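Student:
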Amino acid sequence: MVRRSSSMGHRELSSQDQKERSVDSREEERRLRRNDYNGEDEEEEDIGNMPREKILQRIRHHKEIIGKVRLQPWPMRRKRRALKVARQYLQKQEAQVSKWHLYKVEASRRGNQAWRWAKNLSIYLIPWESKIKQIESNFGSVVSSFFIFLRWVLGMNVANSLLVMAFVVVPEWLADSKNDIGRFNRTRHIKAMPTKVAVHADELNTVLDFGVDL
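Printed below as a string of structure tokens:
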């Protein structure tokens, strides 16, 4: 008895869910037909009495319709009719708004898109940023912070190397390129290897000799 009652209750719930889904789907279809793509009632509206913000909102709405109508599972005749209605309505609405304001809104939208594109591009410009993000998504921020620290240490080493090259190596190279005999004699004991050391410099024992007893 308990199993029968539970199975009957489950069937009632499933049938009720199916009814609710069918009702929701019908309402969604009616809403699309009424608001988005028929457009007959919108053509008869008095556009001159609308505020500018509402007109701009309608313009954006119809541009979205034009962009998405190709993806709808409709007959070709209905798609052409929806495009025609949306384009006619756009022409009427854009005539009520100044061209400068339309250009300003479009420039603002393009600027936001460019900013998002540059922000996404920065992920590829920062070394190993995408890999660290992937590690963070899989193992958490604690593990990713270790790799961020390693990247910072590597960056500090590269910065120190560039400073040494800029303020030590390059000035010495430029000074030696002048062929100053006096300077060469003064710095020879620092830069030139003694002859008795140079003879054995490329031997393995010399390389492995750390100067201490191991």
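Take 1 as the starting number for the sequence shown in the UniProt record's numbering and just add one per residue.
By construction, the Cβ of each residue, glycine as well, lies at the ideal position given by its N, Cα and C atoms.
Bear in mind that the values here come from a model prediction, so they are computed numbers and not experimental data.
1) Tell me, please, whether the stretch 79-89 touches the stretch 57-69 by the rule of three or more beta-carbon pairs shorter than 8 Å.
2) Can you tell me whether DSSP reads A192 as helix, strand or coil?
3) Leaving out five residues on either side along the sequence, give the residues of the same chain with a beta carbon under 6 Å from the beta carbon of V199.
4) To the nearest angstrom, how far is it from the Cα of I132 to the Cα of A114?
5) Mind checking I126: buried by the 16 CB within 10 Å criterion, or exposed?
6) Terminal residues of the continuous alpha helix (DSSP H) containing I135?
7) Please classify Y124: is it buried, with 16 or more other beta-carbons within 10 angstroms of its beta-carbon, or exposed?
8) Are there 16 or more other CB atoms within 10 angstroms of the CB of R58, so buried, or fewer, so exposed?
9) Tell me where the alpha helix (DSSP H) around P171 begins and ends.
10) Whole angstroms is fine: what's the gap from F210's alpha carbon to R188's?
11) Confirm, please, whether the CB-CB distance from A192 to R183 is below 8 Å.
12) By DSSP, does W74 sit in helix, in strand, or in coil?
13) Expressed to the nearest angstrom, what Euclidean distance is found between the alpha-carbon atoms of E64 and A166?
14) For A86, does the count of other Cβ atoms within 10 angstroms reach 16, so buried, or fall short, so exposed?
15) Does DSSP put E64 in a helix, a strand or coil?
16) D180 to T195, Cα distance in whole Å?
Tutor: In brief:
1) yes
2) coil
3) none
4) 24 Å
5) exposed
6) 129-139
7) exposed
8) buried
9) 170-176
10) 24 Å
11) no
12) coil
13) 55 Å
14) buried
15) helix
16) 22 Å
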